[in-house]
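Student: Numbering (my numbering), first residue to last: 18 to 1003.
Virtual Cβ for every residue (Gly too), placed ideally from N, Cα, C.
Predicted, not measured: the structure shown is a model, and the values here were computed from it.
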């Protein structure tokens, strides 16, 4: 009869050791390899396979390692942990080291039975990472089983990459372009959302009623909504462009949020950019009662604080300091956000021929609007949008002007005035809604028939003759600005409004910016994936040459969704947007966490004599900048506000001509009223934002609570620097050829052809056989975003895991041929101690009973700890944890006599049984600390959330495993000559 194994016990099967998991049943064992992750779990049937109890053997005194043996073995062991024993189950299995402030939303989430959060941190702080942490944790704890991320089409692939690279979640893209392919793979009656548990859904997907209804019926139990402010509408929203799409999304989310058991995360940097009713509707999605709660009362604000987090960069630039209420700055975390942007408005004046062309275009536009006004409302609106298209393209570039003049207007096909507005507005206005960016960079068209107007054809021909810097003063000015930035070491992005302008600039700038400058253009003619590939190609071109600079020319297809801070550090607004929010979106691509430059440069070009740019800059941008200066963050301009101002600019231009706009814009009746209304709406939005950041700011989690958990996480898992040092040392010890560039990046490369076969086999399995067989260089990157054949210096990277597995296995098996970086024993003579000191590397296992909404879960988790004592085992004086960890840095001061080393380690190993009591007590204390930590994190202060901690239990498995024993001897004067163990061997 087969023996019975309890959960947590060790067994030997299939030539290795395993931990028995609670899921085991009669006749079947569910096992996880020691140090392995969830992906390594296997089912074994003792009736058909040999399974026997495993006894963890003590280290051998004949197998001594060097002074680094303990640190390498400890890191190899910790890298293998994929689910820690602490309250954050997922942190050991993600490929990103979160900032301390990014743990705040996670702590808030774990205190809720059903997670409902509105995360409104500033642009660039890391809302995607904060959401990813919560998602990964809920999935790891079994609180959620399926996921849907709702985002704009331009953000979908970015979300897919972030979830895959940083959190190990492979999500399927559900886009208008992929739905048909995905549905062909479904079984009869099967839903797309049942077939694919993790999905990223573009918001244009819900435009189809059939798909929308299917999503609601089969909606996952965890939903993330990005740019959530675009998914609500004000109660009094007006106009087809501003309300119909938002209202459609809002109705969908109301139905999704109606399930009280569904987790819902809403992300937006601008929750108050619209009207008060829109903000209340957003809060109502989080919790219905928040839509009407009195936010002026302390009780109302406290209720909101449980679900709302909103922080500026200044709030987290330095975090966990005495100013945050901590006793000292020992845990301070400084986040290297760029400082305030260097901004400059750079004017240019039109060349004479271009100025004459623009004057004639304005005269034509005025005649066209006047004539259409007498023909009817439909004709008037078609003419209006055609005129705006004409004027905007004319001040963009001669290429955009020529294309627009030759192209039929979208609005010309309209049957009514309302339809003309719906067709014309998206292509000619700059909405703050990022969902409307895709496809909006085409030349909009000004002709109202296929044959076109003879005057338009004549204007188009004149525009085509103005190509190049001789006639295009704007292009000439851009060239000068780019040369200046490149000379100062910057790599800028040039943002344009239209595809023809971007292509025109790329052609004319080629070979004009120096031999060391690389140029590429990215526009809406490319798919989102092709855009990323082109950017990566540009960034990789001559990457090893520090003198190379890059210039990316892009339309607003890149102003949202693609993070460019690693390759670019300056922005030039070649075309002035008609909404300042668009400029914030553009600049936010490079001015964010991870930007190496302390100061991002921004240049805004404007035509001081084209009749449009100067007034848009004066009215809209001046106000926007003042609010940003006052609040420290941007407040989005409501679309109707921005369009009201720009409409007034165009009307004035048509009435008075280009020269007339140098006078007062709002001197006529009606225009001052537009300006006053804009001021009131914008000031109201700013006041709501100011109130949010002061009265409603995150108060639910005190920094002291974060500090406590950060300390525990770092103690259990280590950090990215530890992983990098481990990989570098291990590869060198295993006879790899390592090349470390002096570029300050932290990256390095290695050829592993000379390493042991076990190392090569492990790396070939995850990186590709040809790379290892042909002994190519393997790049090891500090960034988790890596290409094929590369490895990321994070604990969850498969190549790092394969290396750690070899180091651990070879340390445990003294018969492993070839170099062995880590050993289970060592004796070091050092000046770091004054008395004989012993360091133990101990592996503990714990049984965790974790309550959840669906019942209790039984988990076995592992933890590695360092214990140290002075003196002999029989009279051990135990040191604290900090003193034990400090021994890892001790270096050999001299060689150790070989016989002395063997005597010392044998004496210690023989005395290990005398240490059992303390090791067991330490494990019990650690279990108590873990229990307290789980309860702290899930703190339930109300009866309806008591089940979050009811039944929680942490029990240590005995005995603990002693993996390593290392003796440190104080330096003594040499007295006799004898065989020595060198610092590299003892």
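Please determine if the stretch 969–976 and the stretch 929–940 are in contact, where contact requires at least 3 C-beta pairs separated by less than 8 Å.
Tutor: yes
Student: Quick test of your reading: residue 86 and residue 823, contact by CB under 8 Å. State the CB separation rounded to the nearest angstrom.
Tutor: For this step, residue 86 is matched to residue 69 along the chain shown. For this step, residue 823 is matched to residue 806 along the chain shown. Rounded, the Cβ-Cβ distance is 15 Å, inconsistent with contact.
Student: Using the beta-carbon count (16 or more within 10 Å), is residue 32 buried or exposed?
Tutor: Position 15 of the chain shown, counted from the start, is the residue given in the question as residue 32. So residue 32 counts as exposed.
Student: Going by beta-carbon coordinates alone, are residue 367 and residue 487 separated by less than 8 Å?
Tutor: Here residue 367 refers to the residue found at position 350 of the chain shown. Here residue 487 refers to the residue found at position 470 of the chain shown. In this structure, residue 487 does not lie closer than 8 Å to residue 367 by Cβ.
Student: What do you reckon, is the C-beta of residue 431 under 7 Å from a heavy atom of the ligand ZN?
Tutor: In the structure on display, the ligand ZN does not appear, and there are no ligands present to speak of.
Student: Give the range of the alpha helix (DSSP H) segment to which residue 441 is assigned.
Tutor: Locating residue 441 in the chain shown gives position 424, counting from the first residue. Start and end: 434–445.
Student: Is it right to say residue 210 is buried, meaning 16 or more other beta carbons lie within 10 angstroms of its own, or is it exposed?
Tutor: Position 193 of the chain shown, counted from the first residue, corresponds to residue 210. Residue 210 comes out buried.
Student: Return the CA-CA distance between residue 585 and residue 503, expressed in angstroms with no decimal places.
Tutor: Along the chain shown, one-based indexing puts residue 585 at 568. Along the chain shown, one-based indexing puts residue 503 at 486. Cα to Cα, residue 585 sits roughly 11 Å from residue 503.
Student: Quick check on DSSP: helix, strand or coil for residue 970?
Tutor: Within the chain shown, numbered from 1, the residue matching residue 970 stands at position 953. Three-state result, residue 970: strand.
Student: Could you check if residue 858 is buried or exposed, using at least 16 other CB atoms within 10 Å of its CB as the buried criterion?
Tutor: What you label residue 858 is simply residue 841 of the chain shown in a count that begins at 1. Residue 858 counts as buried, since at least 16 other C-beta atoms from the protein chains shown sit within 10 angstroms of its C-beta.
Student: Within 10 angstroms of the Cβ of residue 757, are there 16 or more other Cβ atoms? Answer buried if so, exposed if not.
Tutor: The residue labelled residue 757 in the question sits at position 740 within the chain shown. Exposed is the call here.
Student: Which full runs of the alpha helix (DSSP H) of 4+ residues lie inside the stretch 782–822, going along the chain?
Tutor: 786–790
Student: Please classify residue 150: does DSSP put it in a helix, a strand, or coil?
Tutor: Stepping through the chain shown from its first residue, residue 150 is reached at position 133. Here residue 150 sits in helix by DSSP.
Student: Of the residues 661, 413, 561 and 501, which one's Cα is nearest the Cα of residue 618?
Tutor: By one-based count along the chain shown, residue 618 stands at place 601. The residue with the shortest Cα to Cα distance from residue 618 is 501.
Student: Take residue 910 and list the residues in its own chain whose beta-carbon comes closer than 7 Å to its own, dropping the five residues that flank it on each side.
Tutor: In the chain shown, the residue the question calls residue 910 occupies position 893. 846, 847, 848 and 988.
Student: Please state whether DSSP places residue 596 in a helix, a strand or coil.
Tutor: Position 579 of the chain shown holds residue 596. Residue state for residue 596 is assigned as coil, using DSSP reduced to three classes.
Student: Run through DSSP, which three-state label would residue 606 get?
Tutor: Taking the first residue of the chain shown as 1, we reach residue 606 at position 589. Coil at residue 606, not helix or strand.
Student: Based on the DSSP secondary-structure assignment, which residues constitute the bridge partners of residue 50?
Tutor: By 1-based counting over the chain shown, the position of residue 50 is 33. Paired residues: 35.
Student: Cα-Cα, which of 23, 582 and 107 is closest to residue 39?
Tutor: Residue 39 sits at position 22 when you count from the first residue of the chain shown. Per the Cα distances, 23.
Student: Check each candidate in 239, 173, 667 and 825 and name the one with the smallest Cα separation from residue 95.
Tutor: Taking the chain shown and counting its residues from 1, one reaches residue 95 at position 78. Of 239, 173, 667 and 825, the residue nearest in Cα terms is 825.
Student: In whole angstroms, give me the CA-to-CA distance for residue 420 and residue 553.
Tutor: Your numbering for residue 420 matches position 403 in the chain shown. Your numbering for residue 553 matches position 536 in the chain shown. Cα to Cα, the separation comes out at about 30 Å.
Student: Using 10 angstroms around the beta-carbon of residue 921, count the other beta-carbons present and answer buried if the total reaches 16, otherwise exposed.
Tutor: To locate residue 921, count along the chain shown from 1; it is residue 904. Looking at its Cβ environment, which holds 16 or more other Cβ atoms inside 10 Å, residue 921 is buried.
Student: Please work out which residues of its chain come closer than 8 Å, Cβ to Cβ, to residue 563, disregarding the five sequence neighbours upstream and downstream, and give them in chain order.
Tutor: Position 546 of the chain shown, counting from 1, holds the residue named residue 563. The residues 760, in chain order, have a CB closer than 8 Å to that of residue 563 in the same chain once the five nearest residues on each side in sequence are set aside.
Student: Going by the beta-carbon positions, is the gap between residue 189 and residue 228 smaller than 8 Å?
Tutor: As a working mapping, residue 189 is identified with position 172 in the chain shown. As a working mapping, residue 228 is identified with position 211 in the chain shown. Against a cut-off of 8 Å, the Cβ pair of residue 228 and residue 189 comes out as no contact.
Student: Of all the options 221, 403 and 740, which has the alpha carbon lying nearest to the alpha carbon of residue 445?
Tutor: Within the chain shown, numbered from 1, the residue matching residue 445 stands at position 428. It is 403 whose Cα lies nearest to the Cα of residue 445.
Student: Give the secondary structure of residue 680 by DSSP, where H, G and I count as helix, E and B as strand, and everything else as coil.
Tutor: As a first step, residue 680 is located in the chain shown; it is residue number 663 there, counting from the start. Any reading at residue 680 needs caution, since the residue's pLDDT is 48, under 50, leaving its predicted position unreliable; the model's value is listed next. Three-state result, residue 680: coil.
Student: Could you tell me how far apart the beta carbons of residue 495 and residue 622 are, in whole angstroms, since I believe they sit closer than 8 Å?
Tutor: For this step, residue 495 is matched to residue 478 along the chain shown. For this step, residue 622 is matched to residue 605 along the chain shown. Yes, residue 495 and residue 622 are in contact; Cβ-Cβ is about 7 Å, under 8 Å.
Student: Between the alpha carbons of residue 644 and residue 355, how many angstroms are there, rounded?
Tutor: The count along the chain shown starts at 1 and reaches residue 644 at position 627. The count along the chain shown starts at 1 and reaches residue 355 at position 338. Using only the alpha carbons, I get a separation of about 20 Å.
Student: Have a look at residue 917 and residue 928 and give me their C-alpha separation to the nearest angstrom.
Tutor: Against the chain shown, residue 917 aligns to sequence position 900. Against the chain shown, residue 928 aligns to sequence position 911. Going from the Cα of residue 917 to the Cα of residue 928 covers about 17 Å.
Student: Short of 8 Å in beta carbon distance, which residues of its chain neighbour residue 424, apart from the five on each side in sequence? Order them along the chain.
Tutor: Counted from its first residue, the chain shown places residue 424 at position 407. Correct list, in chain order: 460, 461, 462, 463 and 464.
Student: Leaving out five residues before and five after residue 739 in sequence, what residues of the same chain have Cβ atoms less than 6 Å from its Cβ?
Tutor: As a position in the chain shown, residue 739 is number 722, starting the count at 1. The answer, listed in chain order, is 92.
Student: Does the distance from the C-beta atom of residue 10 to that of residue 284 stay below 8 Å?
Tutor: Residue coverage of the chain in this structure runs from 18 to 1003, which leaves residue 10 outside it and unanswerable.
Student: Inspect the beta-carbon positions of residue 516 and residue 588 and report whether they are closer than 8 Å.
Tutor: As a position in the chain shown, residue 516 is number 499, starting the count at 1. As a position in the chain shown, residue 588 is number 571, starting the count at 1. Contact flag unset, no.
Student: Under a Cβ-count criterion, where at least 16 other Cβ atoms within 10 Å of its own Cβ denotes burial, should residue 102 be classed as buried or exposed?
Tutor: Your numbering for residue 102 matches position 85 in the chain shown. Of the residues assessed, residue 102 falls on the buried side of the cut-off, its CB having 16 or more other CB atoms within 10 angstroms.
Student: Which residues bound the alpha helix (DSSP H) around residue 519?
Tutor: One-based indexing of the chain shown puts residue 519 at position 502. Start and end: 516–526.
Student: Starting from the C-beta of residue 581, find all residues in its chain whose C-beta is less than 8 Å away, skip the five residues before and the five after it, and write them out in chain order.
Tutor: Walking along the chain shown from the start, residue 581 turns up at place 564. Here the set comprises 510, 552, 569, 575, 606 and 607.
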